[in-house]
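Chemist: This note's numbering applies: residue 3 is where the sequence shown begins, and numbers increase by one.
Glycine residues also receive a C-beta, built at the ideal position from the N, C-alpha and C atoms.
Quantities reported herein were computed from a predicted structural model and do not represent experimental measurements.
Structure provided below as C-alpha cells; questions to follow.
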Amino acid sequence: PDKGHFNGRRAILEARSRKRLRHVLVGLEIEGNVPAEHAIVYYRKSQEVGLVSAAMWSPMAKRNIALASLQRPYGDTIVDDLWVEIYAMRELQYQKLMKKAKVVPRPFIKLDRRTANPPADF
3 PDKGHFNGRR
13 AILEARSRKR
23 LRHVLVGLEI
33 EGNVPAEHAI
43 VYYRKSQEVG
53 LVSAAMWSPM
63 AKRNIALASL
73 QRPYGDTIVD
83 DLWVEIYAMR
93 ELQYQKLMKK
103 AKVVPRPFIK
113 LDRRTANPPA
123 DF
C-alpha cells in the first residue's frame, strides 16, 4: 500500500529493491512455556544474531511465540540452530535458560472467521 511521502521513503524503497536490508522481522516458535521478552537470539549458542521484541505463550496456538529482529542471512536462509537466552525469575532469583527456537511463518494462527464475509440480506 502506498503511504505517500515521508522522510526516508526513497532510501527504504531503494534498499528493498536491491535487497540490502540488514535485518529481517521473523516469527519464532520457542520451546517451553517461558516468555522470551527482550531476549537475545544466538546462532549455535555462541554468535549473537538478533533480539526478541515481543513474546508470549499463545493459548490459541498452544505454543510459545515471539517476534524477533534478526540480522541477515539469519531468518532468511539460515533458520536452523537458533537459540534464545531467557532470564526467568525462579524463587526470587534470575535463572538463565537457553531454549531452542525455530523460524515459523507469520501470522502464527490463521482463523477462518477472519476472512468470512457477512451473510447476505434476505
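(1) Rounded to whole angstroms, what's the CA-CA distance from A90 to V54? Just pull it up for me.
(2) Between the segment 76-88 and the segment 26-33, are three or more C-beta pairs nearer than 8 Å?
(3) When the cut-off is 8 Å and only beta carbons count, does V105 lie next to chain B?
(4) Which residue wins for smallest C-alpha separation from K104, given the options A118, R92, D83, Q95?
(5) Is P37 near N66, with beta carbons less than 8 Å apart?
Modeler: Based on what the coordinates show:
(1) 15 Å
(2) yes
(3) In the structure shown, chain B cannot be found, because there is only a single protein chain.
(4) D83
(5) Yes, the Cβ-Cβ distance between P37 and N66 is below 8 Å.
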